[in-house]
Each structure stands twice: as C-alpha cells, then as structure tokens.
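Sequential numbering from 41 applies to the sequence shown in my numbering.
Input: a single structure, listed below in structure tokens.
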Amino acid sequence: MHNIFFALKQHATVLSFLLLLSLLAFAAWRFHKKKVVVFLIIFATLIFLASSTAYLPRYLTKQVENKYLPFNPASIANKNERIYIHVLGSGYNLDSRLPATSQIGVAAIGRLTEALRIYRQLSNSIIVCSANSMMGLETQASVTKRAAILLGADGSRVERLDTPSTTQEEAIALHAHYGNKIKVIIVSDAMHLPRAMKLFEKEGFDAIAAPTNFKVPEDSKQNLFGWWPATVNINLMDLVLHEYLARLKE
Numbered sequence: 041m042h043n044i045f046f047a048l049k050q051h052a053t054v055l056s057f058l059l060l061l062s063l064l065a066f067a068a069w070r071f072h073k074k075k076v077v078v079f080l081i082i083f084a085t086l087i088f089l090a091s092s093t094a095y096l097p098r099y100l101t102k103q104v105e106n107k108y109l110p111f112n113p114a115s116i117a118n119k120n121e122r123i124y125i126h127v128l129g130s131g132y133n134l135d136s137r138l139p140a141t142s143q144i145g146v147a148a149i150g151r152l153t154e155a156l157r158i159y160r161q162l163s164n165s166i167i168v169c170s171a172n173s174m175m176g177l178e179t180q181a182s183v184t185k186r187a188a189i190l191l192g193a194d195g196s197r198v199e200r201l202d203t204p205s206t207t208q209e210e211a212i213a214l215h216a217h218y219g220n221k222i223k224v225i226i227v228s229d230a231m232h233l234p235r236a237m238k239l240f241e242k243e244g245f246d247a248i249a250a251p252t253n254f255k256v257p258e259d260s261k262q263n264l265f266g267w268w269p270a271t272v273n274i275n276l277m278d279l280v281l282h283e284y285l286a287r288l289k290e
C-alpha cells in the first residue's frame with residue numbers, strides 16, 4: 041500500500057487524470073457504451089474547468105498555506121539559546137560550471153533565504169541542511185551548505201544531514217543526530233509545511249514552523265480573468281493533489 045501511494049504521489053497530476061478519463065471514454069466508445077462516454081466526457085470537462093480556473097485551486101492552496109504564519113524571531117524568548125534551523129530538501133541539479141546558489145532549485149533558494157533571515161536574527165542558531173543524492177554524487181545537503189556559505193553564513197554554523205531522501209527520513213535523521221529535545225525551526229514551503237510538521241511531531245520534536253515560498257499570498261487579489269483556464273491554476277491543483285496523496289501515504 042505504501043508503494044502504491046508513493047507511485048500515485050509521484051505521478052498523479054490533473055493532466056494524467058484527464059488522460060485516463062479520455063482513454064476510458066475511448067474504450068467505452070469502442071464498446072458502444074454511449075451513456076458511459078457522455079458521463080466520462082462531462083466528468084472530464086468538470087474536472088478541467090475546476091482545475092484550470094483560479095477559484096478552486098487558489099482556495100485549496102490557501103487552506104493549506106494558512107496553517108502557519110511566517111516565522112517571527114520575536115517569538116523566541118531567549119535569543120542566545122542554541123536553536124537549529126532545519127532547511128528541508130527540495131531538489132537540485134549538479135553543474136560544475138555554476139555556483140552552488142545556481143545548482144539548488146528555486147524552491148530550495150526560497151527555503152535557504154528564509155533560513156538565513158532567521159539565522160541572522162538568532163545569534164546562537166545553527167542551520168541544518170538535509171537531503172541525499174539519488175545518483176551517488178554530491179548530496180543536496182552539501183550543495184545547500186555551500187550555497188549558504190556563499191550567501192554569508194559562517195560555515196561552522198552550517199551542518200549537514202546527507203542521508204535522507206524524504207521528509208519523514210529528514211525527521212528521523214534529525215532525531216538520530218541531535219535527539220528530539222532540541223529547539224528546532226522547520227523551514228519549508230508553506231504548502232508542504234503542515235505535513236512536514238506532523239512528521240517531526242511524530243519523532244517527538246516540539247518544532248516551530250517557518251513557512252516560505254507561498255503560492256497564493258494573503259493580500260493578492262483575484263484576477264478579473266480568474267474564470268479563464270490557465271496552466272498556472274492546473275499547477276496549483278497538482279501541488280494540492282500531491283500534498284493530499286502524501287498525507288494518505290503517511
């Protein structure tokens with residue numbers, strides 16, 4: 041069951057679902073099931089309209105992203121206590137021509153930027169970069185650490201967890217390396233953070249959330265053409281689908 045949900049999470053998208061409905065409709069047409077064909081076409085049309093127009097994708101995205109407010113350093117009573125800022129992994133591409141800041145992905149840059157903002161305001165904080173390498177090369181944790189140093193972090197205050205490949209493994213690795221009594225701030229995309237926090241809580245951490253990379257800012261206004269289909273809305277719906285399926289998996 042775990043493997044089924046993992047496969048669904050990796051490959052399920054709105055377009056793949058629409059393709060499946062199209063194939064089913066074609067098969068029903070071949071077998072002269074006209075009522076089934078009509079039902080599938082109507083269903084696929086409704087799915088397309090719900091996913092490609094702005095209203096539902098933005099609503100569902102905001103429901104997830106608004107779980108946690110942006111981190112406020114003023115919430116930390118003792119600024120001098122040891123605090124770990126865990127930057128969750130989010131993808132990278134090794135390219136020796138490029139500086140580390142250009143090798144980590146856009147989402148990773150957003151997460152690292154937020155971590156550095158917090159790091160500069162908490163004098164005894166440690167940044168923890170995590171995520172392995174699926175190809176046996178330099179790990180994402182290592183590249184992210186180099187990027188943090190390029191952006192001004194003290195290398196002695198940036199540590200690595202090189203083994204995790206999933207958010208759950210990141211929580212387990214942090215527990216194994218530091219124990220679960222540390223004060224830790226979890227930095228991740230606002231869309232991903234609610235699920236991540238639950239995984240860290242399962243490991244016994246009393247973690248603090250630091251969301252970033254918001255897809256639907258609170259003050260943004262609905263475009264007058266929100267009713268017009270657009271790929272950006274489908275992409276939002278894909279992210280929501282990914283998170284919901286991941287929750288089922290875990």
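For each residue, glycine too, the CB sits at the ideal point set by N, CA and C.
Because the structure is a prediction, the values reported are computed rather than measured.
Can you have a look at isoleucine 248 and say buried or exposed, based on whether 16 or more other CB atoms are within 10 angstroms of its CB? The sequence position of residue 248 within the sequence shown is 208, counting from 1. With 16 or more Cβ atoms within 10 Å of its Cβ, isoleucine 248 is classed as buried.
Which class does threonine 271 belong to by DSSP, given the choice of helix, strand or coil? Counted from its first residue, the sequence shown places residue 271 at position 231. Helix.
How many Å lie between asparagine 118 and serine 170 at the Cα? As a working mapping, residue 118 is identified with position 78 in the sequence shown. As a working mapping, residue 170 is identified with position 130 in the sequence shown. Asparagine 118 and serine 170: Cα-Cα distance of roughly 26 Å.
Three-state class that DSSP yields for isoleucine 144 in the structure shown: In the sequence shown, the residue the question calls residue 144 occupies position 104. Isoleucine 144: strand per DSSP, three-state reduction.
If we call anything under 8 Å between Cβ atoms a contact, is arginine 287 one with arginine 235? For the purposes of this step, residue 287 is taken as residue 247 along the sequence shown, with counting starting at 1. For the purposes of this step, residue 235 is taken as residue 195 along the sequence shown, with counting starting at 1. Their beta carbons are under 8 Å apart, which means arginine 287 touches arginine 235 by this criterion.
Which whole runs of the alpha helix (DSSP H) in the segment 162-201 are 4 residues long or more, in chain order? 180-190
If you draw a straight line from the C-alpha of glutamine 103 to the C-alpha of phenylalanine 71, how long is it? The sequence position of residue 103 within the sequence shown is 63, counting from 1. The sequence position of residue 71 within the sequence shown is 31, counting from 1. Whole-angstrom Cα-Cα distance: 42 Å.
How long is the line joining the alpha carbons of alanine 148 and valine 54, rounded to whole angstroms? The residue given as residue 148 occupies position 108 in the sequence shown. The residue given as residue 54 occupies position 14 in the sequence shown. Taking the straight line from one Cα to the other gives about 25 Å.
Tell whether a beta-carbon distance below 8 Å holds between aspartate 15 and asparagine 172. As shown, the chain starts at 41 and ends at 290. That puts residue 15 outside it, with no answer to give.
Spatial neighbours of leucine 281 within its chain, please: C-beta separation below 8 Å, excluding the five flanking residues on both sides. The residue labelled residue 281 in the question sits at position 241 within the sequence shown. Excluding sequence neighbours, leucine 281 sits near Ala52, Thr53, Val54.
Exposure label - aspartate 229; buried when at least 16 CB within 10 Å: Here residue 229 corresponds to residue number 189 of the sequence shown, with the count starting at 1. Classification for aspartate 229: buried.
Cβ-based neighbour list, valine 272, same chain, cut-off 6 Å, excluding 5 preceding and 5 following: Taking the sequence shown and counting its residues from 1, the one referred to as residue 272 is at position 232. Excluding residues within five positions, none has a Cβ falling inside 6 Å.
Report the three-state DSSP secondary structure of threonine 203 (helix, strand or coil). For the purposes of this step, residue 203 is taken as residue 163 along the sequence shown, with counting starting at 1. If DSSP states are grouped into helix, strand and coil, threonine 203 belongs with coil.
Can you have a look at valine 146 and say buried or exposed, based on whether 16 or more other CB atoms are within 10 angstroms of its CB? Translated into positions along the sequence shown, residue 146 becomes position 106. By the neighbour-count rule (16 or more Cβ atoms within 10 Å), valine 146 is not buried but exposed.
Entirely within the segment 80-139 and at least 3 residues each: give me those beta strand (DSSP E) ranges in chain order. 123-127
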